[in-house]
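Numbering (mature numbering (1 follows the signal peptide of the UniProt record, and there is no 0)), first residue to last: -28 to -1, 1 to 733.
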C-alpha cells in the first residue's frame, strides 16, 4: 500500500509539474517569425519536418510541443516558419544554422487602398470602432439595386462566415452563367429584372448576362465598397496597391440587378424594391437616380420604393447625382439619406515635364509613358478640313490633321458641359499620329482616366500656363510619364466638382445632400467581363453612396432597433465641416469654402456615429404629415398609404419635419420651427445650445438647455429665425447641442424673402 501511495504521489507531482510548465509556456510565449531566406529546392513536406525538428530542439526534444507551437510554414515564395516561442527559445533558434533572422510578430498599420482608413475606420475584417463591437454585422443584410455582382471576386468570399441569418427570405435566382453555387454565405441572395428594359429596348441588344451576374462592373464596385471582404493586395494595374475592404466586411449582400446597358427602368426598380422589402434586407444601397430636375416624389420609382422601404424599417441610401451644378441634386425625398462625393488624400497623376524643366502633375490612370520629349502644340494648330482651329482645339473626331499632329503632344480642351468621352479624345489624338495628350478639363473635375496612351488631365489654370509656355517658346517640348499613386495630397477632403449640389429643387425646406463621403478615384472590385480586371478605379456619387451604406450597416449592427431616420440622424449630426488639417472643407475646382448645399451636414465621421448623444427621429406618420404640408390631400395620401391616413396632424410647413438639418427658404421677417431630440447617450445628461448665426439672420433657441434624466427621453425645443440685415441668397450657420460627451450639430440654411418693394429685407 505504501509503495502504491508513493507511486500515485509521484504521478501527481509529475502531472502537476507538466501542467505548471505548460501554463508557463502559454503565458510567456509569443509569436515569432523565423526567416530562413529564399526558398530552396527542398520538398515542402521535408521543410515542415525540418521546422518541427528545429522547434523540438528548443522544447526539450518534444515533437508534440513543437507541433503545438507551430503556426505556419513558409515554403513557396521563401523559407521559414512562424511559431509561439519564449524569448529564450527565440534566442536559441536565432543562433541555429540557416536562420537569417527571428523577429516578433509586430502589429503593422495597413497600407490600404484607402478610403476607409481616410475616414477613420481601421482594421481588416473587424472594422471595429473603439468602445463598441460591430460583430453583429454578420446579421445585417444589405441589398444593392445595381448592375449585379461578380460573385467569384475575392471581395465576396464567404470564408469563416457563419450560416445565413434565419430572417432571410430571399432567393438565388438562376440564369446565364449564374447557378446555385454562385450564392454563398456572403452573397446570400441574387435576383435580376429585365421586363422593363425589354419593353423599352430591343432585347436582342442585351450584351449583359441574363442573370444576376455583373457584366459592367458598377454593381460589383459599389457592393465591395460597402461590404467587401478584406483583400490583401487590391490594385489597379499596380496603382493604389495595398490591403482593402468594405466598410462592413462581414455583412451579408443581396443583389437586385435592375440596370442594363442603357440604364435602369422604373418598373424593374420598383420590382426590386418590392422583393427586397419582402426578402428581409435591412439597408438598400441605390447608386443611381433620375436626371435633374427631379419630378414629383410619387412619379419617381426610387422615391416610391424608398418610401415603402422606410415605412417597413429599411434604410435607403442613395447618391445625389453627378451633374455638379447648383440645384442639380436628385434623390430628394426626406425618407432616404442622400450622399455627395468628396476626394481623399490620394491622387493618381502623371508628370508633364516641359522643355524649360517646369513640371506639372495631371490626373491620369494611364500606364503608358513617353520614352523621350516631343514637340508640344495646341490642338488648334493641327486643324483639318472644314474644322476651325477653335473646333479642333476640342479634338473632335476627324478634326485633326495627321501631318501636323504626327509625333507631337497635343493640348486638347474638354468643354465644361460636354458629355464626350475623354478616352475617345485621346484615341483621336493617337489615331492622328500624336504621341501624347494634355487635356484641359474646363470643369476641373479631377477624375483620373485610364487613357490608352500617354495622357493627363489638367485644370483651367494649369492649362493656361502650359499654353502660355507653348505660345512663348520657339520650340516647345514636353514629356508625359506613366501614372503614379500620390498619397498625402492636401487639402483633403474636398467636395468633388461633379457632385450635385443643393438647394432641393422639389422641396427646398429639406436640405440635400445630407452628407458627403469619398467618391473620387475609388478602387474596388470589378467584373472581369468589363476589361478583364478584378479591380478598377471609378469616380462618382455612385462610389460615395456605398461608403455611407457601410457606415449605416455598422450602426445597425450596434443599434439593431434604431429606425432608418435614427441611423440617418447619427450620421448627419456627427459629420465634420473641417478637412484633415482642421480647416474648412473646400470645393473643387475653384477652391471656395464649402457650405451645406455642397456637403449637407458635412463629411462623414464613422468614429462618432455609434455615440451621437441625441437623435432626430421620424416615423411613417411624420412623413405623412410632411406630404400633407407640401400639398397632398387626404385622397392622394391614402392612395400612397392604402390606409385611413388623414392630414389632421399636418405641419404648417415642410421645414417642421423632425429633420437633422433646418432649411428656411423664404424667411419673411421671423419664423419658428420645432424639433424633438431623443436621448441615446448617458441617461443623465445636460446639453447646451451653441449657435453660429447665418449672415444677416438672428437665431435663438428655446430652451437653451436640455436636461435628460433617462435613456430614450424626448425633449422638444424651438428655433427662432429673424431677419437682422439685408442679404442676398442663402446664408449658412449651425446649431450644436453640446454636452460633456457629445456634440450634436445641425446645419442651418436660410434665405430671406425679398421685401414687397423688390429689395432684400
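For glycine and all other residues, C-beta sits at the position ideal for the given N, C-alpha and C.
The continuous alpha helix (DSSP H) containing residue 513 extends over residues 513 to 530. For residue 385, the three-state secondary structure derived from DSSP is strand. The residue from 291, 350, 264 with its alpha-carbon nearest to that of residue 488 is 291. Annotated three-state conformation of residue 265 is coil, per DSSP.
With a 10 Å radius around the Cβ and a threshold of 16 neighbouring Cβ atoms, residue 402 comes out buried. Relative to residue 530, the option among 580, 505, 575, 249 whose CA is nearest is 580. A straight line joining the alpha-carbon of residue 132 with that of residue 263 spans about 42 Å. In the structure shown, the three-state DSSP call for residue 502 is coil. Residue pairing of residue 270 in beta bridges, as defined by DSSP: absent, with no partner found. In the three-state reduction of the DSSP assignment, residue 312 falls in the strand class. Per DSSP, the unbroken beta strand (DSSP E) holding residue 719 starts and ends at 715 to 724. No Cβ-Cβ contact shorter than 7 Å links residue 19 with residue 64. A direct Cα-to-Cα measurement between residue 180 and residue 272 gives close to 25 Å.
Inter-residue distance for residue 445 and residue 469 is about 33 Å (C-alpha atoms, whole angstroms). Your pair residue 317 and residue 462 checks out as a contact, with CB atoms roughly 7 Å apart and the cut at 8 Å. Exclusion of the five residues before and after residue 464 leaves 315, 316, 317, 551, 552 as the residues of its chain whose Cβ lies within less than 7 Å of its Cβ. The Cβ atoms of residue 116 and residue 195 lie closer than 7 Å to each other. In this structure, the alpha-carbon of residue 366 lies about 14 Å from that of residue 404.
Annotation for residue 118: the continuous beta strand (DSSP E) segment containing it runs 113 to 118.
Rounded to whole angstroms, the separation of the alpha carbons of residue 452 and residue 372 is 20 Å. The region 575 to 662 contains, as complete beta strand (DSSP E) runs of 3+ residues, the segments 634 to 639, 642 to 651 (chain order). Membership of residue 674 in the beta strand (DSSP E) is indicated by the continuous run 669 to 674.
At least 7 Å separates the beta-carbon of residue 219 from that of residue 653. Residue 120 sits away from residue 226, with the two beta carbons spaced by 7 Å or more. In the three-state reduction of the DSSP assignment, residue 683 falls in the coil class. Counting along the chain, residue 257 sits inside the beta strand (DSSP E) bounded by residues 255 to 258.
In this structure residue 56 is buried. Its beta-carbon is surrounded by 16 or more other beta-carbon atoms within 10 angstroms. Residue ranges of uninterrupted alpha helix (DSSP H) with 4 or more members, entirely inside the region 171 to 221 and ordered along the chain, are 190 to 199.
Here the alpha carbons of residue 310 and residue 517 stand approximately 8 Å from one another.
For the 7 Å CB-CB criterion, residue 710 and residue 674 do not form a contact. Bounds of the beta strand (DSSP E) holding residue 229 are 224 to 229. Ranked by how close their Cα comes to the Cα of residue 589, the residues 633, 604, 135 have 633 in first place. Here residue 61 has 30 as same chain residues with Cβ atoms under 7 Å from its own Cβ, once five neighbours each way along the sequence are excluded. Residue 55 has 4, 42 as its beta-bridge partners, per DSSP. Counting only residues of its own chain and dropping the five nearest sequence neighbours on each side, residue 548 has a CB closer than 6 Å to the CB of 574, 575, 577.
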